[in-house]
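Notes for the one structure printed next.
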Amino acid sequence: MAQKLVLQKNARITVFGGTGFVGRHIVRRLAKAGYQIRVATRRPNEALHLKTGGKPGQIEIVQANIRDDASVEAALEGADAAINAVGILFETGKQKFATVQAQGGVRVAKAAAAKKIKNFVHISAIGADAQSASLYAQSKAAAENGVMEALPSAHILRPSIVVGPEDDFFNRFAGLALVAPALPLIGGGTTRYQPVSVFDVAAAVEACVCGTQANAPAGTYELGGPDIFTFKQLMELLLAEIGRNRLLVPMPFLAARLIASVAQFMPKPLLTPDQLILLKSDNLVTEGAMGFDRLGLKTTPIAALLPDYLWRFRPSGKKPNKA
Numbered sequence: 062m063a064q065k066l067v068l069q070k071n072a073r074i075t076v077f078g079g080t081g082f083v084g085r086h087i088v089r090r091l092a093k094a095g096y097q098i099r100v101a102t103r104r105p106n107e108a109l110h111l112k113t114g115g116k117p118g119q120i121e122i123v124q125a126n127i128r129d130d131a132s133v134e135a136a137l138e139g140a141d142a143a144i145n146a147v148g149i150l151f152e153t154g155k156q157k158f159a160t161v162q163a164q165g166g167v168r169v170a171k172a173a174a175a176k177k178i179k180n181f182v183h184i185s186a187i188g189a190d191a192q193s194a195s196l197y198a199q200s201k202a203a204a205e206n207g208v209m210e211a212l213p214s215a216h217i218l219r220p221s222i223v224v225g226p227e228d229d230f231f232n233r234f235a236g237l238a239l240v241a242p243a244l245p246l247i248g249g250g251t252t253r254y255q256p257v258s259v260f261d262v263a264a265a266v267e268a269c270v271c272g273t274q275a276n277a278p279a280g281t282y283e284l285g286g287p288d289i290f291t292f293k294q295l296m297e298l299l300l301a302e303i304g305r306n307r308l309l310v311p312m313p314f315l316a317a318r319l320i321a322s323v324a325q326f327m328p329k330p331l332l333t334p335d336q337l338i339l340l341k342s343d344n345l346v347t348e349g350a351m352g353f354d355r356l357g358l359k360t361t362p363i364a365a366l367l368p369d370y371l372w373r374f375r376p377s378g379k380k381p382n383k384a
């Protein structure tokens, strides 16, 4: 099996999906570590702000579409390593699960293999399953299989819900709590999650793509935080942090399905039928799976993160004083 290399600090790393929530934190961490970063994105003009995360000339922005062979190959030209952090939560227009997550991920891996790039990280998700009724989960599984077939030296990282500044989980429900008297608990809120810090995920990416952990073999890693919560407990944690009292109302899956059937047509839907399928299953690290410990990394309790970015949703709109 092709072995990864230990990257030098002046190595160039191409990051697909560097403008997304997880991708932005990956770019910032790798830039801080001293690597040369090339961010491959469909809309370069919307990614120029990323340049401020590094020294002058350290972060390069290039145009690339993960659905197009030529632009993917061009983005990988001269790269020493590559990361695919492209992902979508719902389908719109040409952005389909199959074309973006499944075919796109494999396209990047095949192009990297053709250019003899051995250090490759692909961001997947816990719950990736070819047998799932969810198209999202199916596409994640298809990408994993195709990536490892094309590039056996790759690392596949499967995080649980990723949280931190700019996340689309706590920020979304905190915003909803500002205007709604109640928050819904779909299926009663009993589904369990193992939310993980975006900073910890970025650290795992660095350890894998840069080859700094010699005892971390290629393969699939599942990334979860140190604590497990039900969805209801996550909402209780959120409300306590932002200092607001809201009703937590159980919503049967049948009622949620009716709402999702309509909400899916919104520009940025709060819930889709495909997402509803995922909400029926726990999102936890599999017992015995390789994870942070194999990478020599410790995890951060999410309760330690929330005060740093949810303070703006508090009635005072101010950051709480630290003891």
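62 is the number of the first residue of the sequence shown in our numbering; add one for each residue after it.
We put the CB at the ideal spot given by N, CA and C, even for glycine.
request  = Would you kindly report the start and end of the unbroken alpha helix (DSSP H) that includes residue 334?
outcome  = On the sequence shown, residue 334 is found 273 positions in, with the first residue counted as 1. 334 to 339 is the span of the alpha helix (DSSP H), which, as asked, contains residue 334.
request  = Per DSSP, which residues does residue 351 bridge with? Please list them.
outcome  = Taking the first residue of the sequence shown as 1, we reach residue 351 at position 290. Looking at the DSSP assignment, residue 351 forms a beta bridge with 282.
query = CA-CA distance, residue 94 and residue 194?
reply = Looking up residue 94 in the sequence shown gives position 33. Looking up residue 194 in the sequence shown gives position 133. Rounded to the nearest angstrom, the two C-alpha atoms are 41 Å apart.
request  = Could you round the C-beta distance between residue 83 and residue 100 to whole angstroms and report it? I think they count as a contact, below 8 Å.
outcome  = Within the sequence shown, residue 83 is the residue found at index 22, counting from 1. Within the sequence shown, residue 100 is the residue found at index 39, counting from 1. Not really, about 13 Å apart at Cβ, beyond 8 Å.
inquiry  = Just list the residues that DSSP pairs residue 312 with in beta bridges.
reply    = As a position in the sequence shown, residue 312 is number 251, starting the count at 1. Partner(s): 247.
request  = Could you check which residue in 180, 139 and 128 has the C-alpha nearest to that of residue 155?
outcome  = Position 94 of the sequence shown holds residue 155. Here the closest residue by C-alpha is 128.
request  = May I ask you to report which of helix, strand or coil DSSP gives residue 187?
outcome  = Sequence index remark: in the sequence shown, residue 187 carries index 126 (1-based). Three-state result, residue 187: coil.
message = For residue 285, which residues in the same chain have their Cβ closer than 6 Å to its Cβ, ignoring the five residues on either side in sequence?
response = Here residue 285 is taken as the residue at index 224 of the sequence shown, counted from 1. So the list reads 221, 255, 257 and 346, once near-sequence residues are dropped.
message = Please return the same chain residues whose Cβ sits closer than 6 Å to the Cβ of residue 184, not counting the five positions on each side in sequence.
response = Locating residue 184 in the sequence shown gives position 123, where the first residue counts as 1. These residues qualify, in order along the chain: 146 and 218.
query = What are the uninterrupted segments assigned as beta strand (DSSP E) that are 3 or more residues long and contained completely in the segment 87 to 166, given in chain order?
reply = 97 to 102, 120 to 124 and 142 to 145
inquiry  = Along the chain, where does the beta strand (DSSP E) containing residue 237 start, and where does it finish?
reply    = In the sequence shown, counting from the first residue as 1, residue 237 sits at position 176. Counting along the chain, residue 237 falls outside any beta strand (DSSP E), though it belongs to the alpha helix (DSSP H) covering 231 to 240.
inquiry  = Going by DSSP, what residue range makes up the alpha helix (DSSP H) through residue 345?
reply    = Here residue 345 is taken as the residue at index 284 of the sequence shown, counted from 1. Run containing residue 345: none; DSSP gives neither H nor E here.
key: Secondary structure of residue 220, DSSP reduced to three states   = As a first step, residue 220 is located in the sequence shown; it is residue number 159 there, counting from the start. Looking at residue 220 - three-state DSSP - the assignment turns out to be strand.
key: Same chain, Cβ closer than 6 Å to residue 361, neighbours up to 5 away in sequence not counted   = For the purposes of this step, residue 361 is taken as the residue at position 300 of the sequence shown. If we look at residue 361 and ignore the five residues flanking it on each side, its Cβ neighbours are 258 and 261.
query = Do the CB positions of residue 182 and residue 144 come within less than 7 Å of each other?
reply = The residue you call residue 182 lines up with position 121 of the sequence shown. The residue you call residue 144 lines up with position 83 of the sequence shown. Their beta carbons are under 7 Å apart, which means residue 182 touches residue 144 by this criterion.
key: Whole-angstrom C-beta distance between residue 371 and residue 302, which should lie under 8 Å   = For the purposes of this step, residue 302 is taken as the residue at position 241 of the sequence shown. For the purposes of this step, residue 371 is taken as the residue at position 310 of the sequence shown. Residue 302 to residue 371, Cβ: 5 Å. Contact.
message = Less than 7 Å between C-beta atoms, sequence neighbours within five positions excluded: which residues of the same chain meet that for residue 245?
response = Along the sequence shown, one-based indexing puts residue 245 at 184. Only 310 and 312 meet the Cβ criterion.
request  = Look at the alpha carbon of residue 373 and the alpha carbon of residue 224, and state the distance between them as a whole number of angstroms.
outcome  = As a working note, residue 373 is residue 312 in the sequence shown. As a working note, residue 224 is residue 163 in the sequence shown. Answer to the nearest angstrom: the Cα atoms are 16 Å apart.
query = Should residue 72 and residue 96 be called a contact, given that it needs their Cβ atoms to be closer than 7 Å?
reply = As a first step, residue 72 must be located in the sequence shown, where it is residue number 11. As a first step, residue 96 must be located in the sequence shown, where it is residue number 35. Cβ atoms of residue 72 and residue 96: closer than 7 Å.
task = Using the Cα positions of residue 351 and residue 103, report the straight-line distance between them to the nearest angstrom.
result = Along the sequence shown, one-based indexing puts residue 351 at 290. Along the sequence shown, one-based indexing puts residue 103 at 42. Residue 351 and residue 103: Cα-Cα distance of roughly 33 Å.
key: Reduced DSSP secondary structure (H/G/I, E/B, other) of residue 259   = Counting from 1 along the sequence shown, the entry for residue 259 is found at position 198. Correct three-state label for residue 259: helix.
inquiry  = Measuring alpha carbon to alpha carbon, tell me which residue in 151, 133, 117 and 357 is nearest residue 274.
reply    = If you number the sequence shown from 1, residue 274 lands on position 213. Nearest option by C-alpha distance: 357.
When 364, 237 and 290 are compared against residue 308, the one with the closest alpha-carbon = Stepping through the sequence shown from its first residue, residue 308 is reached at position 247. Residue 237 is the option with its Cα nearest to residue 308.
query = Who are the near neighbours of residue 152 in its chain, counting only those whose CB is closer than 7 Å to its CB and skipping five residues on each side?
reply = The count along the sequence shown starts at 1 and reaches residue 152 at position 91. If we look at residue 152 and ignore the five residues flanking it on each side, its Cβ neighbours are 158.
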